[in-house]
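Numbering follows the numbering used here, with no gaps: position 339 of the sequence shown is 340.
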Amino acid sequence: MNTTDMKNLGLTEDFVHESSIYKDYFIGRVSAQSKSLYKVITKDGEIAAEVSGKFHYRVKELSDYPAVGDFVMVDRTDNSSGTAIIHHILTRKSAFARRMAGSKEDIQVVAANIDTVFICMSLNNDFNLRRLERYLSIAWDSGATPVIVLTKSDLCKEIDTRLHEIASIAIGVEVLVTTSTANDGYQSLKRYLQHGKTVAFIGSSGVGKSTLINCLIGQNRLDTSGIRKDDKGRHTTTRRELIMLPNSGVVIDTPGMREIGIISADLTKSFADIDELAKHCKFNDCTHKNEPSCAVQAAIKEGTLSVERLESFWKLKREMKYDGLNAKMIEKEKLSEMFSSIGGMKNFKKFVKEQNKKKRR
Ligand SMILES: Nc1nc2c(ncn2[C@@H]2O[C@H](COP(=O)(O)OP(=O)(O)O)[C@@H](O)[C@H]2O)c(=O)[nH]1
Ligand SMILES: [Mg+2]
Ligand SMILES: [Zn+2]
Numbered sequence: 002m003n004t005t006d007m008k009n010l011g012l013t014e015d016f017v018h019e020s021s022i023y024k025d026y027f028i029g030r031v032s033a034q035s036k037s038l039y040k041v042i043t044k045d046g047e048i049a050a051e052v053s054g055k056f057h058y059r060v061k062e063l064s065d066y067p068a069v070g071d072f073v074m075v076d077r078t079d080n081s082s083g084t085a086i087i088h089h090i091l092t093r094k095s096a097f098a099r100r101m102a103g104s105k106e107d108i109q110v111v112a113a114n115i116d117t118v119f120i121c122m123s124l125n126n127d128f129n130l131r132r133l134e135r136y137l138s139i140a141w142d143s144g145a146t147p148v149i150v151l152t153k154s155d156l157c158k159e160i161d162t163r164l165h166e167i168a169s170i171a172i173g174v175e176v177l178v179t180t181s182t183a184n185d186g187y188q189s190l191k192r193y194l195q196h197g198k199t200v201a202f203i204g205s206s207g208v209g210k211s212t213l214i215n216c217l218i219g220q221n222r223l224d225t226s227g228i229r230k231d232d233k234g235r236h237t238t239t240r241r242e243l244i245m246l247p248n249s250g251v252v253i254d255t256p257g258m259r260e261i262g263i264i265s266a267d268l269t270k271s272f273a274d275i276d277e278l279a280k281h282c283k284f285n286d287c288t289h290k291n292e293p294s295c296a297v298q299a300a301i302k303e304g305t306l307s308v309e310r311l312e313s314f315w316k317l318k319r320e321m322k323y324d325g326l327n328a329k330m331i332e333k334e335k336l337s338e339m340f341s342s343i344g345g346m347k348n349f350k351k352f353v354k355e356q357n358k359k360k361r362r
């Protein structure tokens with residue numbers, strides 16, 4: 002049996018060190034998930050695994066469950082005597098999460114331990130600076146380092162203009178221009194594919210992520226539909242979402258990455274310019290709306306900061322306001338906001354009475 006290059010799989014000294022407290026178990030990395038069934042790559046290959054009963058019992062939130070990219074402690078390294086049991090997750094160094102549909106509270110991790118996240122945006126229809134700001138805010142918050150990948154350069158005649166626009170919002174972030182129409186169109190990404198490093202891709206549907214990944218991993222792996230060509234019905238096996246490239250690290254491509262939204266965002270990095278300006282505002286808690294001696298408003302007047310960018314900053318801040326709160330607290334927060342708009346709690350009682358009177362009429 003071939004042994005896995007665990008270092009190339011992303012195993013670092015930190016993980017090894019942490020794993021030493023679980024003496025009876027082995028390290029593996031989650032490569033796929035489908036409901037409660039996992040695939041885990043161990044030193045001896047890829048195996049099927051499930052979490053232990055104790056693990057289920059300990060779990061407080063959905064995000065406590067293993068996700069693709071997690072390093073986990075399993076009880077075996079091959080399946081010769083059955084499905085492996087996952088006992089622990091090692092501390093994540095980065096994570097991308099999404100909110101489950103129809104839920105405010107349930108946050109699911111969709112990919113973990115990513116070093117570089119490629120934010121993909123096409124240079125034609127999809128190009129949108131505000132969307133880019135969103136993705137950058139999410140990416141910085143995840144713990145991974147963002148790299149902007151502009152796709153479909155063959156369909157854009159104003160690449161320099163676009164790059165100029167991006168330069169004003171993508172502070173300290175590398176920007177790569179790519180196309181699938183040239184042989185070396187993705188060459189610039191290759192240097193991020195390094196031994197032991199993990200990369201992943203986010204961006205709207207249709208921008209060319211699958212095309213790009215296929216090109217990087219050198220095969221048409223991604224566009225396989227759920228139906229088998231030999232007419233034997235649907236695949237029952239889970240699709241591998243973590244691919245190790247020989248000597249070039251790991252590519253993670255999970256469907257969940259397409260649905261990540263703002264759960265939390267690091268605006269100090271994605272809006273480092275505003276953050277820096279704010280230090281010079283008169284008030285520490287300046288909202289940059291109509292306070293006196295506001296350095297942010299001054300920058301707008303001077304033309305060094307765009308109104309659209311400040312509005313984008315506010316918008317993301319508003320969205321984040323409810324984050325980290327559970328549904329109950331959100332309701333409370335909304336209520337107190339309502340109170341203040343009608344003049345506090347006292348008025349609220351009056352307000353309710355009047356509403357009831359109206360109803361009775
Ligand atoms: N002109 C052009 N089309 C591209 C390029 N990259 C991808 N496409 C096309 O864009 C469409 C969407 O690509 P896909 O990789 O499925 O996007 P995804 O949804 O982000 O995975 C496909 O028809 C691709 O052939 C490119 O660099 N130039
Ligand atoms: Mg795709
Ligand atoms: Zn200000």
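Every residue, glycine too, gets a C-beta built ideally from N, C-alpha and C.
- Secondary structure at Pro256: helix, using DSSP grouped into helix, strand and coil.
- At a Cβ-Cβ threshold of 8 Å, Ala266 and Asp127 do not count as neighbours.
- Under a 10 Å Cβ-count criterion, Leu38 is classified as exposed, with fewer than 16 other Cβ atoms of the shown protein chains found around its own Cβ.
- Remark: C-beta atoms of Gly250 and Lys198 approach each other more closely than 8 Å.
- When the Cα atoms are used, Arg241 and Ala50 turn out to be separated by approximately 14 Å.
- In the DSSP assignment, Leu38 is bridged to Ser35.
- Beta-carbon to beta-carbon, Ala98 and Gly70 are separated by about 12 Å, too far to satisfy the 8 Å threshold.
- Within the same chain, Cys295 come within 6 Å of Cys287 by CB-CB distance, once the 5 residues on both sides are set aside.
- Judged by pairs of C-beta atoms under 8 Å, the stretch 84–91 does not touch the stretch 170–178, as fewer than three such pairs exist.
- In the structure shown, the three-state DSSP call for Arg93 is coil.
- A direct Cα-to-Cα measurement between Lys44 and Val75 gives close to 11 Å.
- Taking every protein chain shown into account, the CB of Phe272 has 16 or more other CB atoms within 10 angstroms, so this residue is buried.
- For Pro67, the closest of Gly46, Ile108, Ser81 by C-alpha to C-alpha distance is Ile108.
- Out of Ile139, Thr5, Ile170, Gly11, the CA that lies nearest to the CA of His196 is found in Gly11.
- Runs of alpha helix (DSSP H) with 4 or more residues, each lying fully within the stretch 118–169, are found at 130–143, 160–168, listed in chain order.
- Taking a cut-off of 6 Å from the heavy atoms of ligand 2, the residues with a C-beta inside it are Lys210, Ser211.
- Per DSSP, the continuous alpha helix (DSSP H) segment holding Ala279 begins and ends at 273–279.
- Per DSSP, reduced to three states, the secondary structure at His196 is coil, with no helix or strand assignment.
- If you compare the alpha carbons of Asp116, Arg77, Glu277 with that of Ala96, the shortest gap goes to Asp116.
- Of the other Cβ atoms in all chains shown, fewer than 16 fall within 10 Å of the Cβ of Thr182; this residue is therefore exposed.
- The shortest C-alpha to C-alpha distance from Ser21 to any of Thr269, Thr5, Ser206, Val73 is the one to Val73.
- Around the beta carbon of Tyr58, a 10 Å sphere encloses fewer than 16 other beta carbons of the protein chains shown; the residue is thus reported as exposed.
- In the three-state scheme derived from DSSP, where H, G and I count as helix and E and B as strand, Arg99 is classed as strand.
- Per DSSP, the beta bridge partners of Ile28 are Met74.
- With 16 or more other Cβ atoms from the protein chains shown falling within 10 Å of its own Cβ, Gln34 counts as buried.
- Residue environment for Phe314: buried (at least 16 other C-beta atoms within 10 angstroms of its C-beta).
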